[in-house]
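Chains A and P, in that order, give the protein sequences. Start counting the first sequence at 4; every next residue gets the next number (the working numbering). Start counting the second sequence at 13; every next residue gets the next number (the working numbering). Report on the following structure.
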Amino acid sequence: MLKTALRSVFLRLEQVCEKFFGPALNPWVHVGSLGWFLFWIVTVTGIYIYVFFDTGVTQAYASLEYLSREQWYLGGIMRSLHRYASDAMVVVVMLHLLREFSMDRMRGNRWFPWVTGVPLLWFLYACGITGYWLVWDQLAQYVAIATTEWLDSIGIFAEPIARNFLDSSHLAGRFFTLMAYIHIAVPLIMLLFMWVHIQRHAHSRVNPPRTLGFAVLGTLVALALVEPAMSQAPANLDRAPFEVGFDWFYLTVYPLLDVVSGRVLWAALIGGSVFLTLLPWLPPLHKAPPAVVHLDNCNGCGRCFADCPFGAITMVGRTDGAEFDQEARVDADMCMSCGICVGACPTATPFRRASALVPGIELPTDPIAGLRDRVVAATGPLQGNDRVVVFRCAHAGNLDTLADPGVAVVPMPCVAMLPPSFIDLVISRKHADGVLIAGCAEEDCFERLGNRWTDERIASQRDPHLRDRVDRDRVAVSWASPAQQHRTRETLGQFRQHLRTAFASPRPGRTGVAWRAQLRELAAPLRFVGAAAVLGAVAVLIGWFATRPAYAYLHHDQALLKLSFSHAAQPLKPCRHYSPQELAKLPFNQRRATTCERGRWPVYLELDLDGRTIHRATHRPAGLWDDGPSTVYASFRVPAGLHRLEVRLRDSGRATGFDYASSATVSLTPGQNFVVDFRGTEGGFQFGRAPAHGPVVQETPP
Amino acid sequence: MSLLEWRDEFRIGIAEVDHEHQVLIGLINDLHGALGAERSRERVEEFLGEIFARISAHFALEEKDMQARRYSESGTHKADHERLLDDIRDIMDEHSEHGILDEDAFSARLAAWFADHFRTHDARLHKYLQTQR
């Protein structure tokens, strides 16, 4: 349902774009390879930025400011390209995913690229998020704190990593350097997965057509000049940003953290990924049985192996004792039953009739002998001098409207299942006056390579090729998506007209490529303007959502109050001295003065804001033996102004009462990041980093 | 009477190709023998179609082996293959259109092609493969 709706949207959009870009350069059919192209742009620009980038926490911002301002003409453009190409990558990756989903190109045996694509999404987002972190502006500050708080919500880190960004005194340069290396390592792992992603596809397209690549690069450069990627105000951990310019491509889910807890968001994303991973089998696909090899007719020539788009055929040592080196073997788990291998088999020629026409490889449900009979039967009743047999691919949509006394339609799983000798048969034995092959849109074959192989076989560029004796003026092709079937109808009409007139007087046969109809297309300037408008619109979209709309992190009258510290509570049992006798029994290297049993009390903590308790929790000690420090990290958005804070802490076995208590009246300015800390050895609670934060009136514990 | 005869000097040195050469010649002779005395149009057509398919498959294998061994003259060698296939297709069309198969001429053409092909192209390939060892 969703799939069908999505598919019709895609087909419509693709149809519009095809008017401007033409079928071969239609960006929709190249979203996958554009992802690769953008990856290389990001890599090259990233290396350039790295040359000038200073990984020191205080110098990172300044080094990027230098790039964007003093070296705007190169470094600035590189930086903008780095950002916008990354954003564009999210766009093409998402379109690629939705498109393959809507076209059903991930079902059953085609699960491999789909499933390996899911971790790629995670890597992609990890790349973007760590990238924004490195700029160390206000967005980076937000990203750092939100990400670490979110990671801490999992609860696997003994010490919350968000504490690295508690305030400016906590920030460590080392952590920052680590981020820089993560930002380099993740893309490398991602590249490895991108390589794995295409492993099961023969002749994967990892480069878009050159013209399209240049057009995309040009568009991004234009965007970089019009709207250079700049840093926001520098990060200041003692203040919280009110609003940050937001990259909605990479940080899409972050605002959700205001609504749901970190754990819920993790669960949703992981659950979503699992669901995505299972999609190829939901529901299980009932597909046609795989191709089978008939060894009596297979000499191991390897043409099916060369043409299989899914790598489902391997050439293995002979198993039947025949004196050939190899035979073809079909991997049933990878075969899509498209029949392209049958079209490649030299023994799949309809001129054979001896006993049964059995080729070296064929589809059990769609035997080649049956295809021959269907062709003969369908062409039998045709009349006129413009009789056409249309070999129609199963994915080309409904062609019933072609029905006509002069037209026979022969459907097949993929038009590349047709051995070229079938065309030879139809024309030489005059079963029809012309052959029209109607398959999927150019560069967008459902079975990946069907129309490419068909074109090359007809043009004698690929074996088995159509013999030169067949006049190419009698062989037409029409590549069109289900939404463009009018083009196939128009092609058929023109083709029949051509058949009626072109052969009125004898003429020499033509070799080379198949006959193509002259379909109406827009004038060249109009196409150029249209293509530019499409790319421009995408650029505007990317440029806009890369920073807008801003995300409101804090209201203008709010301050951030953080309660965070790490404190080792009292041991469950006090340590005691070893007696001399006990000591004597111990091995020499284990003799110590005291022995302590492992285990500590939890830290029980309460925080009151203006008399209202806003935090009340028991914080368990860290470590497998519960013997580490308890760590507290809590963050609150509070109105600016005067507040009375009361904190109470229990870290011993007492049932009631508190071991530490402290209170203070603090004045919070809007946007202030105020930290309540606790240091057991330095007198207990500390309110902010006085005197930097204005008047703090501290009272003595009761 | 057999249309063609296998001779040992036809060997080129690729076991599977030599094997299929012999099989092919045997098959052509067998098919020819099985045509029977009445020579029905249909039987002849089957015979020609089968020969065409088998020779196509054989050439596909030989061309793959030539490419795998980086034989520099595989282009001209392949062109000679195509010449024979075109010849056979001509004969097929002629038979299909006029119901005529001049067996002696057909036999002579096949034999001539084989002899010529073995003497030139296959011999050259044979020599090349020996230098590769």
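Glycine residues also receive a C-beta, built at the ideal position from the N, C-alpha and C atoms. All of these numbers come straight from a predicted model, not from anything done at the bench.
The stretch 382-391 of chain A and the stretch 84-101 of chain P do not touch, with fewer than three beta-carbon pairs separated by less than 8 Å. Spatial neighbours of His622/A in its own chain (CB-CB distance under 8 Å, excluding positions within 5 residues in sequence) are listed in chain order as Pro605, Val606, Tyr607, Leu608, Ser633, Thr634, Val635.
Between Ala549/A and Asp250/A, the gap from beta carbon to beta carbon is short of 8 Å. Taking a C-beta cut-off of 7 Å against chain P, none of the residues of the stretch 364-376 of chain A qualify. Arg177/A and Leu123/A have their C-alpha atoms spaced approximately 28 Å apart. Nearest neighbour of Ser83/A by Cα position, chosen from Val94/A, Met92/A, Ser71/A, turns out to be Ser71/A.
DSSP, reduced to helix, strand and coil, places Pro283/A within a helical segment of the structure shown. With its beta carbon less than 8 Å from one in chain A, Phe64/P belongs to the interface. Between Thr350/A and chain P, the shortest Cβ-Cβ separation is below 8 Å.
Three or more beta-carbon pairs separated by less than 8 Å are not found between the stretch 275-283 of chain A and the stretch 326-340 of chain A, which leaves the two stretches without contact. Every beta strand (DSSP E) of 3 residues or more that sits fully in the stretch 629-698 of chain A is shown, in chain order, as 633-642, 644-653, 663-671, 676-682, 687-690. In terms of Cα proximity to Val29/P, the closest of Arg136/P, Glu62/P, Met78/P is Met78/P. For Phe354/A, the nearest CB of chain P lies under 8 Å from its own CB, placing it at the interface with that chain. Bridge pairing for Thr214/A: absent [DSSP]. In this chain, the beta strand (DSSP E) harbouring His618/A covers 615-622. Taken in chain order, the complete alpha helix (DSSP H) segments of 4 or more residues contained in the stretch 44-125 of chain P are 53-80, 86-110. Within the same chain, and ignoring the five residues on either side of Gly35/A in sequence, the residues whose Cβ sits closer than 6 Å to its Cβ are His99. Contact between Trp139/A and Val146/A is ruled out by a C-beta separation of about 10 Å, above the 8 Å threshold. With at least 16 other beta carbons inside 10 angstroms of its own, Ala227/A counts as buried. Going by beta carbons, Phe168/A and Leu240/A fall inside the 8 Å limit.
Residue pairing of Glu365/A in beta bridges, as defined by DSSP: Val295/A. For Arg131/P, the closest alpha carbon among the candidates Arg121/P, Arg66/P, Ile24/P is that of Ile24/P.
Cβ-Cβ distances below 8 Å link Trp269/A to Trp153, Ser156, Ile157 in the same chain, with the five nearest sequence neighbours on each side left out; the list follows chain order. Among the bridge pairs identified by DSSP, Asp241/A is matched with none.
With a threshold of 8 Å between beta carbons, Asp323/A makes no contact with chain P. Remark: three or more beta-carbon pairs, one from each stretch, lie closer than 8 Å, so the stretch 341-360 of chain A and the stretch 298-310 of chain A are flagged as touching.
Taken atom to atom, the span from the alpha-carbon of Ala535/A to that of Leu215/A is near 11 Å.
The C-beta of Leu47/P comes no closer than 8 Å to any C-beta of chain A. At a cut-off of 8 Å between C-beta atoms, His31/P counts as an interface residue with respect to chain A.
With a threshold of 8 Å between beta carbons, Ser108/P makes contact with chain A. Contact annotation: in the stretch 57-83 of chain P, residues whose CB is within less than 8 Å of a CB in chain A are Glu57, Glu58, Phe59, Leu60, Gly61, Glu62, Phe64, Ala65, Arg66, Ser68, Ala69, His70, Phe71, Ala72, Leu73, Glu75, Lys76. Judged by DSSP secondary structure, Leu544/A falls within the alpha helix (DSSP H) whose first and last residues are 527-548.
Residue pairing by DSSP puts Trp482/A in a beta bridge opposite Gly442/A.
The C-beta of Leu645/A has fewer than 16 other C-beta atoms within 10 Å across all chains shown, which makes the residue exposed. Cβ proximity to chain P below 8 Å picks out Asp466, Pro467 from the stretch 456-468 of chain A. Contact between Ala479/A and Thr494/A holds, since their C-beta atoms are separated by about 6 Å, short of 8 Å.
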